[in-house]
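Asks:
Protein chains: 4
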Amino acid sequence: MSTHGDLSFRVRDLALAEAGRHQIRLAEHEMPGLMALREEFGAAQPLSGARIAGSLHMTVQTAVLIETLTALGAEVRWASCNIFSTQDEAAAAVVVGRPETGGTPADPRGVPVYAWKGETLPEYWECTDEILRWVDAEGVDVGPTLILDDGGDATMLVHDGVTAEKQGAVESDPQPGDRGYSGEKLVFLATLRASLASDPQRFTRLAASLKGVSEETTTGVHRLAQLAATGDLLFPAINVNDSVTKSKFDNRYGIRHSLPDGLNRATDVLIGGKVAFVVGYGDVGKGAAESLRGQGARVIVSEIDPICALQAAMDGYQVARLDDVIGSVDFVITTTGNVAVVTAAHIAAMKDKAVLGNIGHFDNEIDMAGLEALPGVVRTEIKPQVHEWTLPADVDSDGNARAERSVIVLSEGRLLNLGNATGHPSFVMSASFANQVLAQIELHTDADYLQVGEGGTPDVHRLPKELDEKVARMHLEALGADLTELTKEQAEYIDVDVAGPYKSEHYRY
Amino acid sequence: MSTHGDLSFRVRDLALAEAGRHQIRLAEHEMPGLMALREEFGAAQPLSGARIAGSLHMTVQTAVLIETLTALGAEVRWASCNIFSTQDEAAAAVVVGRPETGGTPADPRGVPVYAWKGETLPEYWECTDEILRWVDAEGVDVGPTLILDDGGDATMLVHDGVTAEKQGAVESDPQPGDRGYSGEKLVFLATLRASLASDPQRFTRLAASLKGVSEETTTGVHRLAQLAATGDLLFPAINVNDSVTKSKFDNRYGIRHSLPDGLNRATDVLIGGKVAFVVGYGDVGKGAAESLRGQGARVIVSEIDPICALQAAMDGYQVARLDDVIGSVDFVITTTGNVAVVTAAHIAAMKDKAVLGNIGHFDNEIDMAGLEALPGVVRTEIKPQVHEWTLPADVDSDGNARAERSVIVLSEGRLLNLGNATGHPSFVMSASFANQVLAQIELHTDADYLQVGEGGTPDVHRLPKELDEKVARMHLEALGADLTELTKEQAEYIDVDVAGPYKSEHYRY
Amino acid sequence: MSTHGDLSFRVRDLALAEAGRHQIRLAEHEMPGLMALREEFGAAQPLSGARIAGSLHMTVQTAVLIETLTALGAEVRWASCNIFSTQDEAAAAVVVGRPETGGTPADPRGVPVYAWKGETLPEYWECTDEILRWVDAEGVDVGPTLILDDGGDATMLVHDGVTAEKQGAVESDPQPGDRGYSGEKLVFLATLRASLASDPQRFTRLAASLKGVSEETTTGVHRLAQLAATGDLLFPAINVNDSVTKSKFDNRYGIRHSLPDGLNRATDVLIGGKVAFVVGYGDVGKGAAESLRGQGARVIVSEIDPICALQAAMDGYQVARLDDVIGSVDFVITTTGNVAVVTAAHIAAMKDKAVLGNIGHFDNEIDMAGLEALPGVVRTEIKPQVHEWTLPADVDSDGNARAERSVIVLSEGRLLNLGNATGHPSFVMSASFANQVLAQIELHTDADYLQVGEGGTPDVHRLPKELDEKVARMHLEALGADLTELTKEQAEYIDVDVAGPYKSEHYRY
Amino acid sequence: MSTHGDLSFRVRDLALAEAGRHQIRLAEHEMPGLMALREEFGAAQPLSGARIAGSLHMTVQTAVLIETLTALGAEVRWASCNIFSTQDEAAAAVVVGRPETGGTPADPRGVPVYAWKGETLPEYWECTDEILRWVDAEGVDVGPTLILDDGGDATMLVHDGVTAEKQGAVESDPQPGDRGYSGEKLVFLATLRASLASDPQRFTRLAASLKGVSEETTTGVHRLAQLAATGDLLFPAINVNDSVTKSKFDNRYGIRHSLPDGLNRATDVLIGGKVAFVVGYGDVGKGAAESLRGQGARVIVSEIDPICALQAAMDGYQVARLDDVIGSVDFVITTTGNVAVVTAAHIAAMKDKAVLGNIGHFDNEIDMAGLEALPGVVRTEIKPQVHEWTLPADVDSDGNARAERSVIVLSEGRLLNLGNATGHPSFVMSASFANQVLAQIELHTDADYLQVGEGGTPDVHRLPKELDEKVARMHLEALGADLTELTKEQAEYIDVDVAGPYKSEHYRY
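Residue numbers (this note's numbering), protein chains in the order written: chain A, 5 to 513; chain B, 5 to 513; chain C, 5 to 513; chain D, 5 to 513.
#1: Excluding the 5 residues preceding and the 5 following A95 (chain B) in the sequence, name in chain order all residues of the same chain whose CB lies nearer than 6 Å to its CB.
#2: Would you report the Cα separation of G216 (chain A) and E188 (chain A), rounded to the nearest angstrom?
#3: For F192 (chain B), which three-state DSSP category applies?
#4: Run the CB neighbour count on E175 (chain D), radius 10 Å, all protein chains shown included, and call it buried at 16 or more, exposed below.
#5: Is R260 (chain D) close to chain B, meaning its C-beta is less than 8 Å from at least one C-beta of that chain?
#6: So, are the CB atoms of L69 (chain D) and L30 (chain D) less than 8 Å apart?
#7: Starting from K387 (chain A), follow the beta strand (DSSP E) in both directions and report where the run begins and ends.
#8: How would you call N404 (chain D), buried or exposed, if buried means at least 16 neighbouring beta carbons within 10 angstroms?
#9: Could you pull out every residue in the same chain whose Cβ sits closer than 6 Å to the Cβ of V146 (chain D), ignoring the five residues on either side in sequence?
#10: For R409 (chain B) and G427 (chain B), I'd like the C-alpha separation in whole angstroms.
#11: Should V244 (chain B) and Q455 (chain B) be called a contact, given that it needs their Cβ atoms to be closer than 8 Å?
#12: The beta strand (DSSP E) spanning E123 (chain C) covers which residue range?
#13: Measure from the alpha carbon of I498 (chain A) to the alpha carbon of each residue in B:H365, B:V144 and B:R25, then state which is nearest.
#14: Kindly identify the DSSP beta-bridge partner or partners of S306 (chain C).
#15: Determine, using beta carbons only, whether P505 (chain B) and E470 (chain B) come nearer to each other than 8 Å.
#16: Taking the DSSP output, what are the residues bridged to I58 (chain A)?
#17: Just to make sure I have the definition right: I need the residues of chain A whose C-beta is within less than 7 Å of the C-beta of I275 (chain D). Which are they?
#18: For a contact defined as C-beta to C-beta under 8 Å, what are the partners of Q179 (chain B) on chain A?
#19: What in chain B is Cβ-close to Y257 (chain A), meaning under 8 Å?
#20: Find the residues of chain C that neighbour Y321 (chain A), judging by a C-beta separation of less than 8 Å, and give them in chain order.
#21: Relative to the C-alpha of V99 (chain C), which residue among C:S89, C:W82 and C:V288 is closest?
#22: Grouping DSSP H, G and I as helix and E and B as strand, with all else coil, what is M5 (chain A)?
#23: Taking one C-beta from the region 223-233 of chain A and one from the region 259-269 of chain A each time, how about it: are there three or more such pairs within less than 8 Å?
#24: Can you confirm whether the region 270-288 of chain C touches the region 296-312 of chain C when touching is taken to mean that 3 or more C-beta pairs between the two stretches lie within less than 8 Å?
#25: Buried or exposed: which applies to E385 (chain A), given that a residue is buried once 16 or more other Cβ atoms fall within 10 Å of its Cβ?
#26: Have a look at the DSSP bridge pairing and note the partners of L395 (chain C).
#27: If the criterion is Cβ atoms closer than 8 Å, does the pair V346 (chain B) and V333 (chain B) meet it?
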């Protein structure tokens, strides 16, 4: 208990609350979706009674999300889902609380936040564990009723906890060289073991009281879909990622903004005239390529999906394999959510001083472990989250001598837009987070379509298109965009209601 | 009977076959998808025994489609689905036949085609009716086994024919002022009446022998979905339009190419520096806007769907209502597939010599009837498919005097890329038509997913994602795009097969 | 004389005058610069007494130029400067005359035009010779007082004529293999010989009465600069090409429009997703590259000037040598005004069915003679101005076998935007031609800066910046562009007059 | 003297030298032009004997410039030309010296630098004064032999100093309300007075020993041209700004990079989908507009020059007056180098939370004094260089009530790319600074064209085109751009040397 108090203290001890409060106030202006939800639902308090455990990058924008959730009646606890992505001033401000609460660092009246920039892995999992503990006035840990997740770590902790509790033991630690071995895996298992040791039914109780989870990312949704496919999903999930106003906005337009921002803050290197290689041409890759081209770079794209590859070609990009052009590119950006798309061998073949960064999801997109294991490699910190990896003179696979050279790696292979800049801008996050808030309401109010039928197991759902369109609608005015209204005749002609929804389920936007 | 011989004669009488043959040969080079299907399936003849009635713009590209269908074993008859869209030289070449057939205009050995540029409406429906007649050696009209449709006119003729035959009568003609009244409606009903009079069970027999229809466009799919929803669809349908390699390629990249092409051939008016208004920001609108911006125009977009509106804004376009800016735009392009999106009142408010064209679907997107009915309006033909409509001096709704002015209307409100230019380029159509060929094979070979269950009625289906990816794959090499292959580890990590399909059904590309 | 009557007759005999008149009327709307000059100077008739011999592509836009010159008081005679670039309907309309003249093909009241689409080379030079003959009422050939030139052919005819008359003989014909040998050179020398034979002082008299020439193109200006450098220029010249409102508009924005237009009308081949190679990155190359990228092509640029090469790279284009990538490009476009930038060896190395076209200046940019001389090459006309050159199977310089393949060559290597489409759009030409009209006025009214000092020889001048800005100003309103006016304080701060000119002479825009 | 020692100390006292050294090493990799000059001229030491007083933003890139000048033999002293633009770590590293010098903060062996981020105005002018003092071993102030200037402050100090010394007095201080009154003016005059008091011929001696100045910016060149025009320029000047490889690269591509960088670091506000207003469409405006569009903003441009306005329109931007659209724009960026292009009245009419920044030159582009003087205005610092100015509820000029609102002003109206980010990236500065180094060599070696003729006064010159092309050439390889070489035949055809220069003096690129 004291430990967790300590974690919380580290954040509120920072005298950053006031700076964070200014930024939150400005961000509110850029988050018309969240503000509209406060306006629409503030009186009704649809989240009254909800206890939300949030695991999502603790930025200024997330602060506005958290305060929207509380404005709608929820109790909230928060951790970040990435060790580098917290903006400490935002965390501090949330802990202290909104101005009207009268909170101070010494007497916080806000939301408990367990997050700071630059956590260690043990700290990270301790924080994640902490948001799932919810001790009521009687000292009983009643747990959260909802999870708001990004990448699925909180959800995984619950599911793997339940499994371990069923089996009465945590799986053994993998050894170096084993599939799935990583330092983080060891920390994760240790976290489970500690819980099991102290309370062997904690996760089982917790899962029983959870009404559901809303998930932010492709990667997290993928994990949920795997659980649902095997019947192992313990509670309904809403896939927020695949709302159009999330995946086609945050993933694309957010990246368009935050990729060059991260590159610039990290390196100050000219992008124009250079060759930039984007690994993957999904929504994130599309935004990445657009932004690099918009800065005058020549962009090369790789893809494994022939449809996306054809899109890249039709959009005017060269489509090539990384292996074939690695020696002549100035930037390599990974956007896939897949593993080892840049290998140590790729890195060894890069141009001197080329820049390498990941904007996909986990840090295994770039084989950082492989890089570290290269013989003679030296890592120099240029500044926090910017490292120069110097490779000794060697011989390539064709027998050609290579001189000593170095590669600049951003955020140690983790998300560069969060590690080297401040993530997506508020406006984009307003759309994503408005979907999150609506999803939490749907889960808390047990929307019909979430129900599990006879003999069934919980499933993963998308938000109804009405809500997706509602989120879009809340963001138009701020951009000066005037929507045209269908006439009754036109609505009938295309068989829709004048108020929408306007498209079939499979429409791709 | 003689009538129909006459129709066919009009096409083959043109001494254009040789010119068409040259163009078809060059188009084959640009249609790697169709050529790959000939290569893959030529020996197996999967369409052997199929009798395909095609209703789709009779262009050079369609000629390559028709000859691919026959190369796979089908018998084919063809009409255009638009009175202006036929390229006569292509029609002539198809009628005469491929070089190896040794056909001549006097002794055609190719495929019967009932289409020419500039049909009258009665001619159009006579042609459409004709492709459904299939007289065998014994003189029996065995009818087609498959329809390949674009916009759904052939399918509508069969369905409305069956209905009329059931009721023993064709519905009465609507009167001017009635909802649904149009000159074309009267012609259509007359066509039905003639059939009913000569053979009261013709469409009923015909429908019974039809294995299905593959449909090319949003509009046609919408009609099919309406029929399926009410249980009135008579045979299974494949929605080719919503293959990714169709809707996201043809609709977008095809339009990007053929919109400025149509504008240029029609008017030679500078696009750069001008203000272009694009009505609708679906795939067609996206391609239209991109091409106009690529030419240096300032593009304004209108939308009724808040999600598409938000996309337009995020893509950097002004989003406004046509009413609010009509007086200051130089081009108005409709892309909606909806009705009366440009009204006569809009036209009356346009700038002098502004250009108005439709690239959506039917000619009712622009209220041509309303324009014609404006008092004092004068229509001058500048050249075929380009008309200057001069409006007399008048007073606008705010009481302001307006001088005499004129508006340039392209293709009489029909598809300008087909009427004023040559439609989409071959490469784009190769993707669309490869989907069509695969769909015809699926229908002809009774693919499992097309089957109607117990007590059910036929439905509308999309092609399996494998086939969609297959079509994309067939078009990469020609663009010099090198696909990356997943490692086994990566495929497992994202839970797909190395060979695909790679995405969930709801992925939006 | 009868011969020349015949030339004129070929144009006016065409019953195209009415169609041309419609197009001219629409073009007037798109040429606000010329119409503003008619408005401003119509009453003053500043060109009264001028006899202008024009040699410039005889398009619809040129028709508006010609009629502007006559509206300002000039007498005019016209030829085209390219055998393919005439639009016959425009020529016909100009010959017949404006509506108020009441001219008819039988009784033309317009301007004599010696031009039609598809002249032979002897016809071309006969036409050029003809515009320099100006027989007055007494039957005396008084000659023109001004030349309005494009490419410098008319000016060269006069200068080489004077030289020949001085020497009393025309230089001997070069032989095949000699430097400078070409079929056109022989025709040109024959033209001079005929003139010398019939009137040995004709060009000398003509030159004496010429007040100057205004020249449209880079190529023509280059010829003039060479003459001026050696003291051989016979009369002052105004370099219209280097007005900003010409070189930075016509050369760039005009090409942006007319390059894809020419490609589309010629080939209907998809541009998007393809690789397009642009030879040269001057203003024409910049416009070409922008338009191809705007259509979704991947553009590669070659340059000999390191500054322009650096611009291309910074604009995001790959900069490569044609030799290094020739085997993988789909389009090759020349924009240089230099000679043999695409050689026969390049053509032999192109992809099957690649498209090759010139939008620079003369037809020697592509070595058409070298192509014709390749052993076994076969030329097939696909349609006028579009030829497929089939190269036999052979062995490349590295000893690799190459299969039979073909290349599509546009307009026989001449300007493809004029040969395959209708040249630059009216609005762009309005800026160029407004400069031409102002230049003709400057020459006719003997502007001070054109005067030749003591012992000097005539020189080549640019128009004063005031006039350049005036031309720009005349085109803003039509684009809805509202100019901001300097305050007096601001004008003083940057040391300019509130009314301009605003920039130093060396400012590059 | 002690004072100035103190100034220097402030920089070297910072323990930032090592961090700066890392950044300089990385920047060297991005500055191929400067490194090539070290390579080419290192042995010859062409700047041996030169004493260079530099006044230019003291960034990492400038550090590489300074060390290139010393590598070529020069002695150097440095100040920044902007109170916010110094990167302290770069200044520290330069003061300490290159690694091989063995300098330390306690025992610096580098170049004296008088600059730090956040100088006061008196400090700024003290620093500028200091670089002009050059005390030799004997204690004599021998002064610099060359000035390397940016904006012209050092040059102005010398010229106004000489004038004051001639008149024996400094002009009187202007009073508030007088034309030209500013706080900075008072500081400047005080600086002159102090010098005059202590040494009444100091500037006169100094000017006599100066061989010339090379100037970086439009603004500074304008000042020099004014001096030259009145015969008051005291020594030859080289206008580096108008090298193509400066004005068309730094001004355009540098801004394209550093404008969004500055906006992002300052505000984290989404640019995409917003309306951005760019005041001015010169090279800086062109780069600004391109970068904002590349981020998905809708850009509106204002211009006073009709030619640039026409360019903006043809490039697809709306061209409007700021007055007419001020209420609906989200960003206002000034790029003009003119005065009060954004007035207090404009600011009062802006949208709530709109962002206002200057990337032109001086801080008077935005009327900051006027803003400060608005009744009831409140300035809140969000973070350094980012201020929120809150305007009280009031009534606009049309009598409409306006609520309280705020505007975000960047860098107090000074250059936002330097104040809020790190200025242009190294690669762009490499081109600008290679021009500077070449200009310094030309001045130091008394190039012929700089000489003053009989009775003449010194003038302002541009670098010869050969050097401009040389600078471009030095930057191609790093971008992977392969230059094509003219054949001898081609060079003759266009009358240039194979090695260049390739273009006429008036060519605009």
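Backbone N, C-alpha and C define an ideal beta-carbon position, used for all residues, glycine too.
Replies: Based on what the coordinates show:
#1: One-based indexing of the second sequence puts residue 95 (chain B) at position 91. V15, M62, V117 and A119.
#2: In the first sequence, the residue the question calls residue 216 (chain A) occupies position 212. In the first sequence, the residue the question calls residue 188 (chain A) occupies position 184. Using only the alpha carbons, I get a separation of about 26 Å.
#3: Working through the second sequence from its first residue, we reach residue 192 (chain B) at position 188. In the structure shown, F192 (chain B) sits in a helix (DSSP, three-state: H, G or I).
#4: In the fourth sequence, the residue the question calls residue 175 (chain D) occupies position 171. Flag for E175 (chain D) reads exposed.
#5: Taking the first residue of the fourth sequence as position 1, residue 260 (chain D) is located at position 256. Not closer than 8 Å to any Cβ of chain B, the Cβ of R260 (chain D) fails to qualify, so no.
#6: For the purposes of this step, residue 69 (chain D) is taken as the residue at position 65 of the fourth sequence. For the purposes of this step, residue 30 (chain D) is taken as the residue at position 26 of the fourth sequence. In terms of Cβ geometry, L69 (chain D) and L30 (chain D) do not form a close pair [threshold 8 Å].
#7: Start at 1 with the first residue of the first sequence, and residue 387 (chain A) comes out as number 383. Secondary structure note for K387 (chain A): its beta strand (DSSP E) is the uninterrupted segment V382 to K387.
#8: As a working note, residue 404 (chain D) is residue 400 in the fourth sequence. Its Cβ having fewer than 16 others within 10 Å, N404 (chain D) is exposed.
#9: Start at 1 with the first residue of the fourth sequence, and residue 146 (chain D) comes out as number 142. The answer, listed in chain order, is W138 and D140.
#10: In the second sequence, residue 409 (chain B) corresponds to position 405, counting from 1. In the second sequence, residue 427 (chain B) corresponds to position 423, counting from 1. Going by the C-alpha atoms only, they are around 30 Å apart.
#11: Position 240 of the second sequence holds residue 244 (chain B). Position 451 of the second sequence holds residue 455 (chain B). The answer is no: Cβ separation not under 8 Å.
#12: Translated into the one-based positions of the third sequence, residue 123 (chain C) becomes position 119. No beta strand (DSSP E) contains E123 (chain C), which DSSP labels as neither H nor E.
#13: Along the first sequence, read from residue 1 onward, the residue named residue 498 (chain A) stands at position 494. Nearest option by C-alpha distance: B:H365.
#14: Along the third sequence, read from residue 1 onward, the residue named residue 306 (chain C) stands at position 302. Note: S306 (chain C) is bridge-paired with C:V283 in the DSSP secondary-structure output.
#15: Reading the second sequence from its first residue, position 501 is the one you call residue 505 (chain B). Reading the second sequence from its first residue, position 466 is the one you call residue 470 (chain B). Yes; because the gap between Cβ atoms is below 8 Å, this pair is in contact.
#16: One-based indexing of the first sequence puts residue 58 (chain A) at position 54. Sequence check: residue 58 (chain A) is Gly here, not Ile. Note: G58 (chain A) sits in a beta bridge opposite A:W82 and A:L152.
#17: By 1-based counting over the fourth sequence, the position of residue 275 (chain D) is 271. What I275 (chain D) touches in chain A: H261.
#18: Sequence index remark: in the second sequence, residue 179 (chain B) carries index 175 (1-based). Simply none; closest approach about 18 Å.
#19: For the purposes of this step, residue 257 (chain A) is identified with residue 253 of the first sequence, where counting begins at 1. Simply M318.
#20: Looking up residue 321 (chain A) in the first sequence gives position 317. Here the neighbours are R302.
#21: Position 95 of the third sequence holds residue 99 (chain C). It is C:W82.
#22: Reading the first sequence from its first residue, position 1 is the one you call residue 5 (chain A). With a pLDDT of 32 at M5 (chain A), under the threshold of 50, the modelled position of this residue cannot be trusted; read the value that follows with caution. Three-state result, M5 (chain A): coil.
#23: no
#24: yes
#25: Position 381 of the first sequence, counting from 1, holds the residue named residue 385 (chain A). It counts as exposed.
#26: Here residue 395 (chain C) refers to the residue found at position 391 when the third sequence is read from its first residue. Per DSSP, C:R409.
#27: Working through the second sequence from its first residue, we reach residue 346 (chain B) at position 342. Working through the second sequence from its first residue, we reach residue 333 (chain B) at position 329. Not a contact, by the Cβ cut-off of 8 Å.
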